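In this note's numbering, the protein residues as written are 1 to 154.
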């Protein structure tokens, strides 16, 4: 039995150097999951812009016709509460807690700013796309067409 299973932490099997190298390869845009969501939306006839620099948070997908923006969030980087993929490494713990807490705070601020500008905001979590892409994308497209102000696809 893994005694750490309920702590929200994960044992880090990498050295500090290995972890640093691995994390340096993580991309902020053009992730596989972002490309999947965009590809499926495009197939369904949705037209959008990507990574719009002039909007708060630089949304992954902007659908002007629907006045909607979509963020495809990695569960680790954006701390998806209750998701096993959001567990922090044991190594350099303080750094990771500060880093991820900063991301979460920034995410909330960006959603708030977008809402103030009149944008509808959708969040799609990595785990939902990995678990069942079809279900996640169906939920997302229903939200886009619904006019609802906020959606979180978990």
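Backbone N, C-alpha and C define an ideal beta-carbon position, used for all residues, glycine too.
Since the structure is predicted, the reported quantities are computational estimates derived from the model, not experimental observations.
Option nearest residue i by Cα separation, candidates the options
i           : options           : result
residue 134 : 93, 120, 153      : 153
residue 84  : 126, 52, 101, 103 : 126
residue 17  : 75, 92, 57        : 92
residue 41  : 143, 112, 53      : 143
residue 15  : 45, 82, 90, 59    : 90
residue 35  : 95, 107, 60, 45   : 60
residue 77  : 54, 107, 55, 148  : 107
Same chain, Cβ closer than 8 angstroms to residue i, five either side skipped, listed in chain order
i           : result
residue 118 : 67
residue 141 : 41, 44, 46
residue 132 : none
Proximal residues to residue i (C-beta, below 7 angstroms), its chain only, five neighbours per side dropped
i           : result
residue 136 : 124, 128, 129, 153
residue 75  : 83, 85, 86, 125, 126, 127
Boundaries of the beta strand (DSSP E) in which residue i is found, first to last residue
i           : result
residue 125 : 120 to 125
residue 63  : 61 to 63
residue 71  : 68 to 73
residue 150 : 150 to 153
Cβ shell of residue i (< 6 angstroms), same chain only, five flanking positions each side left out
i           : result
residue 150 : 121
residue 79  : 86, 100, 104
residue 57  : 110
residue 73  : 123, 125
residue 138 : none
Beta-carbon separation (whole angstroms), residue i vs residue j, contact threshold 8 angstroms
i          : j           : result
residue 49 : residue 62  : 5 angstroms
residue 69 : residue 114 : 6 angstroms
residue 88 : residue 98  : Rounded, the Cβ-Cβ distance is 11 angstroms, inconsistent with contact.
Range of the contiguous alpha helix (DSSP H) that encloses residue i
i          : result
residue 37 : 32 to 43
Jot down the residue ranges of each uninterrupted beta strand (DSSP E) in the region 80 to 148, minimum 3 residues, whole runs only, in chain order. Fully enclosed beta strand (DSSP E) runs of 3 or longer: 120 to 125.
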